[in-house]
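Take 4 as the starting number for the sequence shown in my numbering and just add one per residue.
Note that beta-carbon positions come from the ideal geometry of N, C-alpha and C, so glycine has one too.
All figures in this text were calculated on a predicted structure; none of them were measured in a lab.
Below: the structure, in structure tokens.
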Amino acid sequence: MSILIDKNTRLVVQGITGRDGGFHTRQMLDYGTRVVAGVTPGKGGESVHGVPVFDSVQEAVQAARANTAVIYVPAPFAADAIWEAADAGVSLIVCITEGVPVRDALGAYHHVAELRAANGAGAWPRLVGPNCPGLISPGLSKVGILPGHICKPGPIGVVSRSGTLTYEVIHQLTHAGLGQSTCLGIGGDPVIGTSFVDALELYEADPATEAIVLMGEIGGTDEEDAARFVKRHVKKPVVAFIAGQTAPPGKRMGHAGAIISGGSGTAAEKMAAFEAAGVPVARIPSEIPALIREVMGRRRPRSTVAAGPGARRPARQEPRAAKPRPRAAARAGAAVPRAGAATARPRAAAPRPRATATRKRAAASRATSGSAKASAARRPAARNASRRPVAPARTAGSRAARPARNGARPGGGAPARATSRASRSPRRPARAGRRG
4 MSILIDKNTR
14 LVVQGITGRD
24 GGFHTRQMLD
34 YGTRVVAGVT
44 PGKGGESVHG
54 VPVFDSVQEA
64 VQAARANTAV
74 IYVPAPFAAD
84 AIWEAADAGV
94 SLIVCITEGV
104 PVRDALGAYH
114 HVAELRAANG
124 AGAWPRLVGP
134 NCPGLISPGL
144 SKVGILPGHI
154 CKPGPIGVVS
164 RSGTLTYEVI
174 HQLTHAGLGQ
184 STCLGIGGDP
194 VIGTSFVDAL
204 ELYEADPATE
214 AIVLMGEIGG
224 TDEEDAARFV
234 KRHVKKPVVA
244 FIAGQTAPPG
254 KRMGHAGAII
264 SGGSGTAAEK
274 MAAFEAAGVP
284 VARIPSEIPA
294 LIREVMGRRR
304 PRSTVAAGPG
314 ARRPARQEPR
324 AAKPRPRAAA
334 RAGAAVPRAG
344 AATARPRAAA
354 PRPRATATRK
364 RAAASRATSG
374 SAKASAARRP
384 AARNASRRPV
394 APARTAGSRA
404 ARPARNGARP
414 GGGAPARATS
424 RASRSPRRPA
434 RAGRRG
């Protein structure tokens, strides 16, 4: 499957007798597209490459049952061609023409939107472009100017605002072995019929598309809108690339919509929006295939077997806790607690405070004074009485009345050395019998 076009597409070419119309009609026929009619006013009855030419789209729809239109009409008449195809009942309109005036494109856009609203949600017609390369479903159909030889059928959906950048990325994907479901160029003008959000919605609903490559460029806010849509509604993996990363502000880069105005629409802002939505952003186009393989490898594979109404879902395997072995615990002499009984964890003893040097000295002093008092109490009274009396301590008055020694002034204290020696050990009297 694919989006928008397939083997059932019946194409009418508007402007088939012109240079571009005739050339690309031949290319589409060679690819296998069913080109059933062409339209050029005033040239009805002719044929180009075996395709009959009609004067109006209405005649082509009635005669050849065309359901898709591609427009190669010059820019001044392109908007009228869109109006004509929409009024004729064509379901898909692809406008390749570049340089359509914005006012003309805006009128055609609103006309198509009114018809879609009148026909119901998701109904025809759908407009792609203007200023777009068209679209291709590899192996099925091609509408527009995309080269078919670089495409390969596969599961990757490609959507881009740029034409030649689309070709480059398709070529990179094909060489990496990644085929495409549909490659869609939405156009680079300020007013286009199909946005990134519309394309993402189509790819998300397509069962043949497994991943999406989105290529934006500077200017406008389509990429920011797409990033928000991906974050909220898209489940398939998406890889993005933003062109114009080195473009200066205020300069139009190729497309009419590729312009940074008022400080908004920069490549950095768009890349940040995609990264915030969880979308990998390639710095250069050659990184896209590797990123696609990576995001598709991380994606969880879907089950291909549908479960019946009475099928039971497999129970979730939870890791089981290891059970204690009561026999081994009994052999070791440990008490085996009963099932369901709460076991109290033993509390660790509080560590004793570490003794400091000050506490050790205080304890030693208390022990010494206590032993001295006990020994003094056990001594006999007579022995205590026979001991030599200790000289009383000198007072300040007696020291002042005594003459000074060692050259000290009267009334002054003795030198520190004499005072300390006298206070420590008083002079003993001489024993009798030594003098002679």
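Inter-residue spacing [alpha-carbon to alpha-carbon] between residue i and residue j
i           : j           : result
residue 90  : residue 246 : 36 Å
residue 273 : residue 279 : 10 Å
residue 220 : residue 270 : 7 Å
residue 9   : residue 146 : 10 Å
residue 102 : residue 190 : 11 Å
residue 173 : residue 166 : 11 Å
residue 177 : residue 153 : 7 Å
residue 61  : residue 68  : 10 Å
residue 198 : residue 58  : 31 Å
residue 134 : residue 298 : 31 Å
residue 233 : residue 284 : 13 Å
residue 223 : residue 93  : 29 Å
Cross-strand partners of residue i (DSSP beta bridge)
i           : result
residue 214 : 159
residue 246 : 220
residue 145 : 139
residue 235 : Residue 235 pairs with nothing; no bridge assigned.
residue 296 : Paired residues: none, contrary to the question.
residue 14  : 38, 71
residue 285 : 244
residue 129 : 95
Nearest neighbour of residue i, chosen from the options [CA to CA]
i           : options            : result
residue 151 : 157, 139, 161      : 139
residue 104 : 271, 15, 192, 148  : 192
residue 217 : 33, 291, 148       : 291
residue 23  : 227, 180, 250, 73  : 73
residue 227 : 174, 52, 243       : 243
residue 12  : 25, 200, 70        : 70
residue 115 : 33, 50, 175, 195   : 195
residue 46  : 30, 31, 63, 37     : 63
residue 300 : 285, 76, 239, 131  : 239
residue 206 : 223, 185, 222, 287 : 185
residue 51  : 275, 15, 80        : 15
residue 75  : 65, 66, 96         : 96
residue 5   : 77, 203, 249, 241  : 203
residue 130 : 201, 282, 231, 181 : 201
**Item:** Residue ranges of each beta strand (DSSP E) within the region 81–123, 3 or longer
**Value:** 95–98
**Request:** Quick one: which unbroken beta strand (DSSP E) runs of 3-plus residues sit fully inside the region 20–88? Chain order, please.
**Result:** 37–42, 54–57, 71–74
**alpha helix (DSSP H) runs contained entirely in the region 151–211, provided each spans 4 or more residues** = 167–178, 199–208
**Prompt:** Is there contact between the region 140–160 and the region 119–130, where contact requires at least three CB pairs shorter than 8 Å?
**Reply:** no
**Message:** Could you check whether the region 15–29 touches the region 37–45, counting it as contact only if at least three pairs of C-beta atoms, one from each stretch, sit closer than 8 Å?
**Reply:** yes
**Request:** Please confirm if the region 157–167 is in contact with the region 202–215, defined as three or more CB-CB distances below 8 Å between the two stretches.
**Result:** yes
**Message:** Check whether the region 106–114 and the region 75–88 are in contact - that is, three or more C-beta pairs closer than 8 Å.
**Reply:** yes
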